[in-house]
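Numbering (this note's numbering), first residue to last: 2 to 204.
Accompanying notes for the structure given below.
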């Protein structure tokens, strides 16, 4: 294996003819090896998480109707899109640590900076409520029925908090405000409020 120093990016070809691209810090000593089939496939990942396909381009604006938020993880960005029926794609930047959620599936203009455009594939079955919860139409008025309200970036965080409390029978969560309300009631008592989804514990 060849040993390199002060590299920014280097490429190696496997015995199968596949190319793997790896990055290393400047002034760091690294070893370049041939990779087997499995590791080559891992290195050739297009930059989008499972269930999403990389497409070249961008949808202008900080999120097409569904908003934008800070995120250092592309997986978190994908999770937020997967939880939202209206979300068809997302854009994520590792330099700006930002995620934009889109209602559009395809880019409408050229690539913007280092944002990766990841489009939802048919493999993704949107699950609005986490495992153990059932989606119900409606709302319980007030910021949490006796159990309070708090910031939650993901719906799973909201579910985890409800699971920790025996008195919690349901929660409401909004992706636009990143807010979670915990309820002692299992069923809505009025119509849906804004984009809050009502998730009730499954018996």
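Cβ coordinates follow ideal geometry from the N, Cα and C atoms, glycine included.
Remember, predicted model here, so these are calculated numbers, not experimental data.
For the 8 Å Cβ check, are there 3 or more pairs between the region 61-75 and the region 126-145?
Judged by Cβ distances under 8 Å, the region 61-75 makes no contact with the region 126-145, as fewer than three pairs qualify.
Expressed to the nearest angstrom, what Euclidean distance is found between the alpha-carbon atoms of residue 160 and residue 154?
Between residue 160 and residue 154, the C-alpha separation is close to 12 Å.
Less than 7 Å between the beta carbons of residue 56 and residue 118, yes or no?
Yes. Within cutoff.
For my contact list, residue 103 and residue 95 are in at a C-beta cut-off of 8 Å; report their separation, rounded to the angstrom.
At roughly 18 Å, the Cβ-Cβ gap does not stay under 8 Å, so residue 103 and residue 95 are not in contact.
Contact between the region 181-195 and the region 136-145 is defined here as three or more beta-carbon pairs at a separation below 8 Å; is this criterion met?
Flag = yes, the region 181-195 and the region 136-145 touch.
On the premise that residue 202 lies in contact with residue 149, defined as a C-beta separation below 8 Å, what is that separation, rounded to the nearest angstrom?
Going by Cβ atoms, the distance from residue 149 to residue 202 rounds to 17 Å, so no, they are not a contact pair.
Just verifying my parser: in three-state terms, what is the DSSP assignment at residue 166?
Correct three-state label for residue 166: coil.
With a 10 Å radius around its C-beta and 16 neighbouring C-beta atoms as the bar for buried, classify residue 68 as buried or exposed.
Buried, since its Cβ has 16 or more Cβ neighbours within 10 Å.
What are the complete beta strand (DSSP E) segments, minimum 3 residues, inside the region 112-142?
Entirely contained in the region 112-142, the beta strand (DSSP E) runs reaching 3 residues are, in chain order, 117-121, 134-137.
Can you find the residues in the same chain that come closer than 7 Å, C-beta to C-beta, to residue 105, ignoring five residues on each side of it along the sequence?
Here the set comprises 60, 65, 89, 90.
To the nearest angstrom, how far is it from the Cα of residue 164 to the Cα of residue 198?
If you take the alpha carbons of residue 164 and residue 198, they lie about 17 Å apart.
Could you pull the start and end residues of the alpha helix (DSSP H) that residue 82 belongs to?
Its alpha helix (DSSP H) spans residues 75-83.
Quick one: what's got a C-beta closer than 6 Å to residue 49's C-beta in the same chain, skipping five residues either side?
Answer for residue 49: 55, 119, listed in chain order.
Going by DSSP, which residues form a beta bridge with residue 179?
None; residue 179 has no bridge partner.
Can you tell which of 183, 110, 157 has its C-alpha closest to the C-alpha of residue 168?
Closest option to residue 168, Cα to Cα, is 183.
If I follow the unbroken beta strand (DSSP E) through residue 71, where does it start and stop?
First-last of the beta strand (DSSP E) with residue 71: 66-71.
Applying the 10 Å Cβ sphere with the 16-neighbour rule, what's the burial state of residue 147?
That one is exposed.
One question on the structure: do residue 177 and residue 158 come within less than 7 Å of each other, judged by their Cβ atoms?
No; because the gap between Cβ atoms is not below 7 Å, this pair is not in contact.
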